[in-house]
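Novice: Residue numbers (our numbering): 986 to 1268.
All C-beta atoms in this analysis are idealised placements derived from N, C-alpha and C, irrespective of residue type, glycine included.
What you are looking at is a predicted structure, and each value in this text was computed from that prediction instead of being measured.
(1) Within 10 angstroms of its Cβ, does residue 1256 collect 16 or more other Cβ (buried), or is it exposed?
(2) Apart from the five residues on each side of it in sequence, which residues of its chain come closer than 7 Å, Cβ to Cβ, to residue 1099?
(3) Could you check what DSSP says for residue 1072 in three-state terms: helix, strand or coil?
(4) Tell me the DSSP bridge mates of residue 1143?
(5) Measuring alpha carbon to alpha carbon, tell me which of 1233, 1111, 1215 and 1212 ends up nearest residue 1222.
(6) Taking 8 Å as the threshold (C-beta atoms), are residue 1185 and residue 1213 in contact?
(7) Could you give the first and the last residue of the continuous beta strand (DSSP E) run that contains residue 1117?
(8) Do residue 1043 and residue 1083 have their C-beta atoms closer together than 8 Å?
(9) So what does residue 1027 bridge to, in DSSP terms?
(10) Would you mind stating whether residue 1142 and residue 1171 have Cβ atoms separated by less than 8 Å?
(11) Since residue 1137 contacts residue 1018 with CB under 8 Å, what's their CB separation in whole angstroms?
(12) Enumerate in chain order the residues of its own chain whose CB-to-CB distance from residue 1119 is below 6 Å, with the five nearest sequence positions on each side excluded.
(13) Only counting the same chain, and skipping five residues up and downstream in sequence, which positions put a Cβ closer than 8 Å to that of residue 1227?
(14) Distance, Cα to Cα, residue 1259 vs residue 1239?
(15) Nearest by alpha-carbon distance to residue 1110: which of 1075, 1123, 1133 and 1090 is it?
(16) From the DSSP output, in three-state form, read off residue 1215 for me.
(17) Between the Cα of residue 1162 and those of 1180, 1062, 1215 and 1192, spot the shortest distance and give me the residue it belongs to.
(18) Whose CA, out of 1177, 1037, 1032 and 1059, lies closest to the CA of residue 1026?
(19) Taking its Cβ as the centre, do 16 or more other Cβ atoms sit within 10 Å of residue 1249, making it buried, or is it exposed?
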């Protein structure tokens, strides 16, 4: 029987505890088009994956880790080794969700063959189920090439962060009729090429609705529309790790505030020699 490895929740250590794999599958996600909304969040570590896994259908190891984890100014600087290391951790920390890993900038655009080599390495070294790549019609041949060779692809149109230098910023896309028409055409192209799902990011709401109605695969919105077949957010934004977040983010908690409070109390107790206490000592 296929097995996966779980974490010992009482510690921070990973223990190889085999249990039957009960993951959702890519075909199961495809069947959710027009049905129960798909829940997707980013995850970058094994422990976060373990916490999110029971509540999500998809876990995305996004190249947003460049900014969230490494403090980079854009996702363009993220490396393939980074994505593989974090992707493998997320797979180890989850058992239910379909794990999707971003292909970083510069590792897939050159040709479908280059994309296949990159994607094959990602899936082989992480155990993830699918990859995600950015781009519209220009990437349709690559989506088709990968899909026909057994690599599930999640596409990404609209605001594509890897192209931020060409786009000139992170503003909402599709405000002009011409730009909206292009994004819609991009969405149709990658859907027809065989992507199993499509992230629609940072577009005006009517365009997101039009895309969702026009393509046969599920759409995953982020700054798009509740009419999309699912939603995704960067988990650190959603948990309130940062004070400044994009307009489309709702902060469901104030994790930064909790951490600050805990660190403040810890520092005060250490300085007062009130920690450690007898309860933490070996006698």
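Specialist: On the basis of the data shown:
(1) Taking all protein chains in view, the Cβ of residue 1256 is surrounded by fewer than 16 other Cβ atoms within 10 Å, so the residue is classified as exposed.
(2) Counting only Cβ-Cβ distances below 7 Å, and skipping sequence neighbours, we find 1093.
(3) Helix, per DSSP.
(4) Beta-bridge pairing links residue 1143 to 1186.
(5) Among 1233, 1111, 1215 and 1212, the Cα nearest to that of residue 1222 is on 1233.
(6) Yes, these two residues count as a Cβ contact at 8 Å.
(7) Membership of residue 1117 in the beta strand (DSSP E) is indicated by the continuous run 1115–1117.
(8) Residue 1083 sits close to residue 1043, with the two beta carbons spaced by under 8 Å.
(9) 1045.
(10) Yes, the pair counts as a contact, with Cβ atoms nearer than the cut-off.
(11) So it is not a contact: roughly 15 Å between Cβ atoms.
(12) Here the set comprises 1141, 1145 and 1147.
(13) Closer than 8 Å at Cβ, skipping near neighbours: 1221 and 1241.
(14) Taking the straight line joining both Cα atoms gives about 27 Å.
(15) That would be 1075, whose Cα lies nearest to the Cα of residue 1110.
(16) Residue 1215: strand per DSSP, three-state reduction.
(17) Comparing Cα positions, the closest option is 1192.
(18) When 1177, 1037, 1032 and 1059 are compared, the shortest CA-CA separation from residue 1026 is found for 1037.
(19) Result: exposed.
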